[in-house]
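Following: one structure in structure tokens, then a few remarks.
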Amino acid sequence: MIQSNKTLPTVSIVVPVYNDPTGLRTCLECLESQTYPKEKLNIIVVDNKSTDHTPDVAKEFDVELLYETNIQGSYAARNKGIKHSNNEIIAMTDSDCKPIDQWIARGVHKLLNQPADLVGGAVKFELSKSPSNSEILDSISNMQNKENIETRNVAKTANLFSKREVFKKIGLFPHELISGGDVGWTKKATESGFKLSYSSNAIVFHPTRSFLPLVKKQFRVGRGISQSSQSKSILRLLFPPNPIRIFKKMRKNDVRTWNFLPVWLIGWVLKTVTAIGNLYEGTNRNEKS
120 MIQSNKTLPT VSIVVPVYND PTGLRTCLEC LESQTYPKEK LNIIVVDNKS
170 TDHTPDVAKE FDVELLYETN IQGSYAARNK GIKHSNNEII AMTDSDCKPI
220 DQWIARGVHK LLNQPADLVG GAVKFELSKS PSNSEILDSI SNMQNKENIE
270 TRNVAKTANL FSKREVFKKI GLFPHELISG GDVGWTKKAT ESGFKLSYSS
320 NAIVFHPTRS FLPLVKKQFR VGRGISQSSQ SKSILRLLFP PNPIRIFKKM
370 RKNDVRTWNF LPVWLIGWVL KTVTAIGNLY EGTNRNEKS
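According to my numbering, the residues represented by the sequence shown are 120 to 408, in order.
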């Protein structure tokens, strides 16, 4: 079904950011190039207590710049933008992502024609010609929206579209979480009867991460698991990743498999870091209670 510009829904793009002037500039350049009608689109950047010149970068673009200074966390920042918006559809991505120019058009098309209440788009990792083992692991294991949607009925906010009515019915993201809030929120939405679909052509690109950023990420993930009271035992978190699963993912994503062993070992190290983050958060919470 083809719609005229007049009947297309209004869309707000919410981008939380913290100390990422370079990533934000690239992201906003991509968002400025969207093919979706400009009069139907607004971009909301929510700065989450940056200590550098990130807000100055946002001011160079035609965006609404908000500040979330009470709570340090991406979900609190997203909530600020969502509450500020009055548009029919909320599109979400991260400041280090690069959406293609038809990202909004294709995501909205999927929402309207599936039909669906939420749409998770493809997150493609940008691998260099000679990626490190950590970057390979990142590209095959993180932000797998297709797999998450088809097997778990959840999605990531790196590339997510939602009708406003979903937020009205189930509420905003859990602002207290530092990781995993998007998975928990989309799970709550689908369990409440809302339909989540996958769009293979509403694409955003994401940089791959080296070892240290992955360690920091998995520590946050472990803390987020503890914060959300998910029933994952420390023993399960310490158990090594399934080697067959990792090997198959490497082949499926057309990345070299001859260095499977170091990729798998890094995966095990990161699972251990997740367990440490889980223990850290649990210990802190018990001391405060």
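Here a beta-carbon is modelled for each residue, glycine too, at the ideal position from N, C-alpha and C.
Element boundaries [beta strand (DSSP E), containing residue i]
i	result
K282	N278 to K282
E179	Neither: E179 is in no beta strand (DSSP E) and is coded neither H nor E.
Beta bridge counterpart(s) of residue i as assigned by DSSP
i	result
G239	L279 and Y317
N272	N272 is not bridged to any residue.
F244	H325
W131	Looking at the sequence itself, residue 131 is Ser, so the reference to Trp does not match. DSSP output for S131 lists N161 and I209 as bridge partner(s).
V136	D166
P381	For P381, which the question treats as bridged, DSSP gives no partner whatsoever.
Exposure of residue i, with buried meaning 16 or more beta-carbon neighbours within 10 Å
i	result
N189	exposed
I363	exposed
K178	exposed
N232	exposed
M120	Here the model assigns M120 a pLDDT of 44, short of 50, so the residue's position is not dependable and the matter cannot be decided.
R271	exposed
S345	buried
S247	exposed
L389	buried
W383	buried
Spatially closest choice to residue i from the options, by CA coordinates
i	options	result
G200	E207, Q191, L184 and S214	L184
Q337	F324, D236, G299 and P140	G299
Q136	Y155, K390, G240 and D166	Strictly speaking, residue 136 in this sequence is Val, with Gln absent from that position. It is D166 whose Cα lies nearest to the Cα of V136.
N205	K159, I268, L357 and N252	K159
V238	D301, K202, L256 and E254	D301
F358	W387, R370 and R342	W387
Endpoints, alpha helix (DSSP H) assigned at residue i
i	result
V164	Segment L160 to D166 is the beta strand (DSSP E) holding V164; no alpha helix (DSSP H) there.
M369	P362 to K371
L331	F330 to Q346
Cα-Cα separation, residue i to residue j
i	j	result
P128	K368	37 Å
I162	L150	8 Å
P293	F286	12 Å
Q153	I223	7 Å
N93	K157	The requested residue 93 does not occur in the structure, where the chain is confined to residues 120 to 408.
V374	I365	11 Å
R144	P218	12 Å
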